[in-house]
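Per UniProt numbering, residue 1 is the first one in the sequence shown, and the count goes up by one each step.
C-beta atoms are modelled at their ideal positions from N, C-alpha and C, and glycine is treated no differently.
Given the structure is predicted, the values throughout are model-derived calculations rather than measurements.
Since the structure comes first, as structure tokens, the remarks are kept for the end.
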Amino acid sequence: HQVAMGQGQADLAIQMVKDCARNGEWLCLKNLHLVVSWLPILEKELNNLQPQPGFRLWLTAEVHPNFSPILLQSSLKITYEAPPGLKKNLMRTYESWTPEQISKKGNLARAHALFSLAWFHAACQERRNYIPQGWTKFYEFSLSDLRAGYDIIDRLFDDAKDFQWEFVHGLLENAIYGGRIDNYFDMRVLRSYLEQFF
């Protein structure tokens, strides 16, 4: 079972924790960084549980300064970070996509657009290794950004006869990747990359 946390999901999450603990099932609560103020309630519920032996609770979150230290200390932690280097980053992206996802409907232009997205994503992540020359600070570009870019390209190639590069460029700049950037000079770098890749 899984619950993607966000607004209005707290009651469902608590009920799922109770149900899965009672039945000895696995549960994954995703995106806990979005609900850090709710984490003390989760801690309280976890302390009151008497779970079956098969119960497992997986928690996923991005880095957040206010994440509950008690919850972190009482958990087994696994970190999943971007691999170093453009080549490894590109390879990880392509390993996360199936061949069918890349060559959908035999559309070569679509495959080229996905390669551009993968290259752009790798370049954005690699620049984080060279702060303050790469970016002025660390930006948490993640697989969710890559997935959102993939979904945009996928939908545009499905729906439109003429691919709208300006639309992709605008969404990547203003919503997906650019939505994380709060520095004027970093935004100029991002814009420059988008102009080169898209």
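Enclosing beta strand (DSSP E) for I56 [first to last residue]: For this step, residue 56 is matched to residue 56 along the sequence shown. Residue 56 is actually Arg in this sequence, not Ile. Here the beta strand (DSSP E) through R56 covers R56 to L59.
Buried or exposed (CB count within 10 angstroms, at least 16 for buried), Y80: Position 80 of the sequence shown holds residue 80. Y80 sits exposed, since fewer than 16 C-beta atoms from the chains shown fall within 10 Å of its C-beta.
For N31, the nearest candidate out of L59, T93 and G8 (CA to CA): Along the sequence shown, read from residue 1 onward, the residue named residue 31 stands at position 31. Of L59, T93 and G8, the residue nearest in Cα terms is L59.
DSSP beta-bridge partners of residue 200: The structure shown does not extend to residue 200, since the chain is modelled only from 1 through 198, so no value can be given for it.
Stretch-stretch touch, CB-based, cutoff 8 Å, three pairs: the stretch 12–26 with the stretch 106–113: Contact fails between the stretch 12–26 and the stretch 106–113, because fewer than three Cβ pairs, one in each stretch, are under 8 Å apart.
Pair within 8 Å by beta-carbon distance, T93 and A113: Within the sequence shown, numbered from 1, the residue matching residue 93 stands at position 93. Within the sequence shown, numbered from 1, the residue matching residue 113 stands at position 113. In this structure, the beta-carbon distance from T93 to A113 does not fall below 8 Å.
Beta carbon proximity, F141 to chain C, threshold 8 Å: Checking the listed chains, one finds no chain C in this structure; it contains a single protein chain.
CA-to-CA distance, N183 to Y130, given in whole angstroms: The residue you call residue 130 lines up with position 130 of the sequence shown. The residue you call residue 183 lines up with position 183 of the sequence shown. Approximately 16 Å between the Cα atoms of the pair.
Buried or exposed by the 16-neighbour rule on C-beta atoms within 10 Å, applied to N48: The count along the sequence shown starts at 1 and reaches residue 48 at position 48. Under this definition N48 is an exposed residue.
Backbone secondary structure at P99 - three-state DSSP: Working through the sequence shown from its first residue, we reach residue 99 at position 99. Looking at P99 - three-state DSSP - the assignment turns out to be helix.
Cβ shell of T136 (< 8 Å), same chain only, five flanking positions each side left out: Taking the first residue of the sequence shown as position 1, residue 136 is located at position 136. Here the set comprises N183, F185 and D186.
Helix, strand or coil at W119 according to DSSP, with G and I counted as helix: The residue you call residue 119 lines up with position 119 of the sequence shown. In the three-state reduction of the DSSP assignment, W119 falls in the helix class, which pools H, G and I.
Beta-carbon gap between E45 and I70 smaller than 8 Å: As a first step, residue 45 must be located in the sequence shown, where it is residue number 45. As a first step, residue 70 must be located in the sequence shown, where it is residue number 70. Going by C-beta atoms, E45 is not nearer than 8 Å to I70.
Neighbourhood of L171 by C-beta, 6 Å cutoff - its chain only, sequence neighbours within 5 removed: Residue mapping note: residue 171 aligns to position 171 of the sequence shown, counting from 1. The beta carbon of L171 lies closer than 6 Å to those of I152 in the same chain, with the five residues before and after it left out.
Cβ-based neighbour list, Y193, same chain, cut-off 8 Å, excluding 5 preceding and 5 following: Against the sequence shown, residue 193 aligns to sequence position 193. Excluding positions up to five away in sequence, the list reads F120, A123 and C124.
Nearest neighbour of S142, chosen from K88, R180, F167 and Q133 [CA to CA]: Position 142 of the sequence shown, counted from the start, is the residue given in the question as residue 142. Checking every option, the nearest Cα to that of S142 belongs to R180.
Local conformation of N66 per DSSP, three classes: Here the question's residue 66 lines up with position 66 in the sequence shown. Judged by DSSP in its simplified three-state form, N66 adopts coil rather than helix or strand.
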